[in-house]
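Each residue of the sequence shown is one higher than the one before, counting from 178 in my numbering.
Data block below; observations after.
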Amino acid sequence: MEYGKLFLVGILQAALIMLTAPLLDGISRRVRARMHSRRGCSIFQTYYDLFKLLKREQTVPPQASWLFTTTPYILVAILLLLAMIIPSITLISPLGLVGDLFAVLYLMALIRFFFSLSGLDSGSTFAAAGSSREMMLAVLMEPAMIMVMLTLALLTGSSNLGIISTQVASGQISLLNPAFGIGLIAFFLATAVETGKLPFDLAEAEQELQEGPLTEYSGRGLALMKLALLMKQVIVIALFVALFLPFGGAANLSLGSLIWGTVIFLGKLLVFYVLLAFVENAVARYRIADVTTITSLSFGISLISFVFYLVAS
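Take a look at the structure:
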């Protein structure tokens, strides 16, 4: 019975993330507009844009294969699975058997793989350039994430997301622990890059690459790809929250705890999106060399975190 409840919680998390991702993007757009002293669009504008695209006809480049048309569905499916795995509103991973740190990392790598491959398959030079940038970001960023995840797994004695969240929320591992505190900084930098928002949107880069791998998408395919990117932003932030800031998550599956956990989770997301909106307005898009510097810094900090764990153990 408990596993059945957890599965239902996982479905609730997936639905919550899919439905709120466009809303959070709309709030971010509104905040950026207000910072420019503009009225800005409605916070529901992203929903309107997605529904408008869903009604339009989808065109497929003549040289594209089945991969181009199926990738949007594959990405949304993988992201829904990730949303079910990560303990967002609870301290327990709804899919405990697969709620592993490294399983999450592999699934995120799979998203990047299909996203880049779809751009190459379209035959567009802009899409190909965006795909190559996407893979370059993976090479630069993933070592830092892997190192932090390894340190967390060693600190907690488990790579299960639910166990890590529970230990952090209960105070067994605190920010006063140097390995944990320094790892938080490294993972935060990696999270900022992984969201793909300004100033790190090198792969899409509308002004340079016409949205990169999305160049040839239209209609339903473009709507699903945009939804997938929005969901990915929320899931990356949710992963950071689950690992380092799980406070307020539901410790049990009672209705009151789940409602409170949902409110707390949405509040954390809102804070992150408002902060990211300020960063987007304050900083121009980074050059590739600048992103390389930041990812190298993140990896260096993650190594320091690991060294602190080795010294303390």
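Idealized CB from N, CA, C, for every residue including glycine.
Predicted model only: the values in this text are computed from it and were never measured.
Look at the segment 381-424 and you find these whole runs of alpha helix (DSSP H), each 4 residues long or longer: 383-386, 396-421. By the C-beta density criterion, ARG215 is exposed, having fewer than 16 other C-beta atoms within 10 angstroms. Contact check between the segment 466-484 and the segment 359-369: three or more CB pairs, one atom from each, fall below 8 Å, which counts as touching. Residues GLN190, ALA415, PHE442 of the same chain have their beta carbon placed closer than 6 Å to that of SER265, with the five preceding and five following residues left out of the count. Ranked by how close their Cα comes to the Cα of LEU338, the residues LYS182, GLY276, THR392 have GLY276 in first place. In the three-state scheme derived from DSSP, where H, G and I count as helix and E and B as strand, ASN354 is classed as coil. Shortest Cα-Cα distance from VAL237 to any of LEU227, GLY300, TYR283, VAL460 involves GLY300.
With contacts defined as CB atoms closer than 8 Å, SER205 and ALA454 qualify as a contacting pair. A contact between stretches requires three or more CB pairs, one per stretch, nearer than 8 Å, and the segment 244-261 meets this requirement with the segment 407-414. Rounded to whole angstroms, the separation of the alpha carbons of ARG397 and GLN222 is 17 Å.
When secondary structure is reduced to three states using DSSP, ASN337 falls in the strand class.
Contiguous alpha helix (DSSP H) elements confined to the segment 231-299 occur at 243-262, 278-298, taking only those with 4 or more residues.
Nearest to VAL208 by alpha-carbon distance, out of TYR450, ASP467, ARG464, ALA461, is TYR450.
Of the candidates GLY433, PHE364, LEU446, ILE436, the residue whose Cα lies closest to the Cα of LEU282 is PHE364. Burial is judged here by how many other beta carbons sit within 10 angstroms of a residue's own beta carbon; PHE421 has at least 16 and is buried.
Put simply, the backbone Cα of LEU201 is about 40 Å away from that of LEU487. Apart from the 5 residues on each side of it in sequence, MET322 sits with its Cβ closer than 6 Å to the Cβ of ALA367 in its chain, given in chain order. Shown here, ALA428 sits in coil according to DSSP, grouped into three states, outside any helix or strand.
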